[in-house]
Amino acid sequence: MHTTPMMLVTIVAEPVLEPRLLGEFAGLGARGWTVTDARGAGSRHMRATDPPGANVRIETVVSAAVADAILTHLAAHYFPRYAVIAWATAVAVVRGDKYA
Amino acid sequence: MHTTPMMLVTIVAEPVLEPRLLGEFAGLGARGWTVTDARGAGSRHMRATDPPGANVRIETVVSAAVADAILTHLAAHYFPRYAVIAWATAVAVVRGDKYA
Amino acid sequence: MHTTPMMLVTIVAEPVLEPRLLGEFAGLGARGWTVTDARGAGSRHMRATDPPGANVRIETVVSAAVADAILTHLAAHYFPRYAVIAWATAVAVVRGDKYA
């Protein structure tokens with residue numbers, strides 16, 4: 001099977017941030033995402049309005065350039081102020097043209 | 101800790117497809133899976149019967165050969181017709197003999 | 201964007217084990233985690249008290265040393281006795297100082 005290397009970016013954030021983050025990710029080039037409800041704890045910062053521990057886990061498979069843009073955006077606008085963490089993973093997909 | 105390289109295949113699909121996909125993955129050599137309920141959006145295709153956005157996220161840790169068989173199967177039978185996405189990630193496990 | 205290589209350790213276990221596992225992971229150096237409710241099947245072993253198939257999926261981003269400590273701990277104390285699986289994935293994070 002021929003596969004294409006892509007990046008999976010996973011973001012864990014407070015639920016209140018979900019619509020704003022998804023809109024921004026779309027603006028940065030993400031063409032799809034998967035969201036699961038989660039709970040968490042960690043070395044977090046200020047919470048906005050959600051109960052402590054409630055989180056959404058957002059995944060998006062994107063090109064390396066879009067992954068970099070998303071991480072740069074999060075580092076500039078979220079990490080200093082919100083309980084957001086993110087990591088990027090190298091993945092292989094079939095039909096890489098479906099992704100950003 | 102001695103670890104064994106394996107592949108993690110993650111599939112996001114409409115809930116109605118879950119039992120059929122799991123049966124097919126077992127037939128292709130997967131020996132276990134984890135399913136979480138999710139929601140999503142993206143460059144998808146025809147939906148079967150579930151409400152828009154409802155998804156299941158299936159994970160299975162398998163050998164490289166089984167990962168290839170699963171991706172090949174999805175590409176042939178699902179990607180043209182269903183709202184299914186999938187990616188493969190290199191992972192390390194302890195006790196690789198538990199997996200396909 | 202400058203990123204730091206870290207390890208993502210994913211553990212799937214019976215819900216009854218969640219508090220104990222999280223406490224042990226913290227003792228081994230994990231500084232945060234994300235938990236999602238899941239269901240699963242596989243080449244598992246004895247279950248404790250949860251219904252068959254109910255699982256929690258725990259993720260923690262840690263240093264390679266802490267990842268090794270967690271996998272070693274699981275292999276010694278859980279894999280022989282409980283329905284626990286785990287895998288480690290190489291990931292990139294921004295602000296690696298937030299993690300163990």
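Line by line, the protein sequences give chains A, B and C. Residue numbers 1 to 100, in my numbering, belong to the letters of the first sequence in order. Residue numbers 101 to 200, in my numbering, belong to the letters of the second sequence in order. Residue numbers 201 to 300, in my numbering, belong to the letters of the third sequence in order. Backbone N, C-alpha and C fix where the C-beta goes; we use that ideal spot for every residue, glycine too.
Out of curiosity, what's the CA-to-CA distance linking residue i and residue j?
{"i": "A/Leu71", "j": "B/Ala188", "result": "21 Å"}
{"i": "B/Leu122", "j": "C/Phe225", "result": "31 Å"}
{"i": "A/Met46", "j": "A/Met1", "result": "Low confidence applies here, because A/Met46 scores a pLDDT of 47, under 50, leaving its location unreliable and the question unanswered by this model."}
{"i": "C/Phe279", "j": "C/Glu218", "result": "15 Å"}
{"i": "B/Val184", "j": "A/Lys98", "result": "11 Å"}
{"i": "A/Gly40", "j": "A/Glu14", "result": "10 Å"}
{"i": "B/Met107", "j": "C/Ala290", "result": "12 Å"}
{"i": "C/Asn255", "j": "C/Val216", "result": "9 Å"}
{"i": "C/Gly242", "j": "A/Arg20", "result": "37 Å"}
{"i": "B/Pro105", "j": "C/His277", "result": "22 Å"}
{"i": "A/Pro51", "j": "C/Arg281", "result": "35 Å"}
{"i": "B/Ala169", "j": "B/Val112", "result": "17 Å"}
{"i": "C/Ala275", "j": "C/Gly227", "result": "16 Å"}
{"i": "A/Gly53", "j": "C/His273", "result": "26 Å"}
{"i": "C/Arg295", "j": "B/Arg195", "result": "32 Å"}
{"i": "A/Ala64", "j": "A/Gly32", "result": "15 Å"}
Check this for me: beta carbons of residue i and residue j, under 8 Å apart or not?
{"i": "C/Ala286", "j": "C/Thr210", "result": "yes"}
{"i": "A/Ala3", "j": "A/Val66", "result": "According to the sequence displayed, residue 3 of chain A carries Thr and not Ala. No."}
{"i": "B/Thr134", "j": "C/Arg257", "result": "yes"}
{"i": "A/Val62", "j": "A/Ala30", "result": "yes"}
Taking CB distances under 8 Å as the criterion, tell me whether residue i reaches chain A.
{"i": "C/Trp233", "result": "yes"}
{"i": "B/Ala138", "result": "yes"}
{"i": "B/Ala141", "result": "yes"}
Answer yes or no: does any C-beta atom of chain C fall closer than 8 Å to that of residue i?
{"i": "A/Thr60", "result": "no"}
{"i": "B/Ala103", "result": "Per the sequence presented here, residue 103 of chain B reads as Thr, with Ala not at that position. It does; some Cβ of chain C falls within 8 Å."}
Kindly say whether residue i, judged by its beta-carbon, lies nearer than 8 Å to any beta-carbon of chain B.
{"i": "C/Leu222", "result": "no"}
> Going along the chain, which residues of the region 207–220 of chain C sit with their C-beta nearer than 7 Å to a C-beta in chain B?
Replying inline: Val212
Could you name the residues of the region 278–298 of chain C whose beta carbon sits closer than 7 Å to any beta carbon of chain A, in the order they occur along the chain?
-> Thr289, Val291, Ala292, Val293, Val294, Arg295, Lys298
- Selection of the region 162–178 of chain B by Cβ proximity to chain A, strictly under 8 Å: Asp168, Leu171, Thr172, Leu174, Ala175
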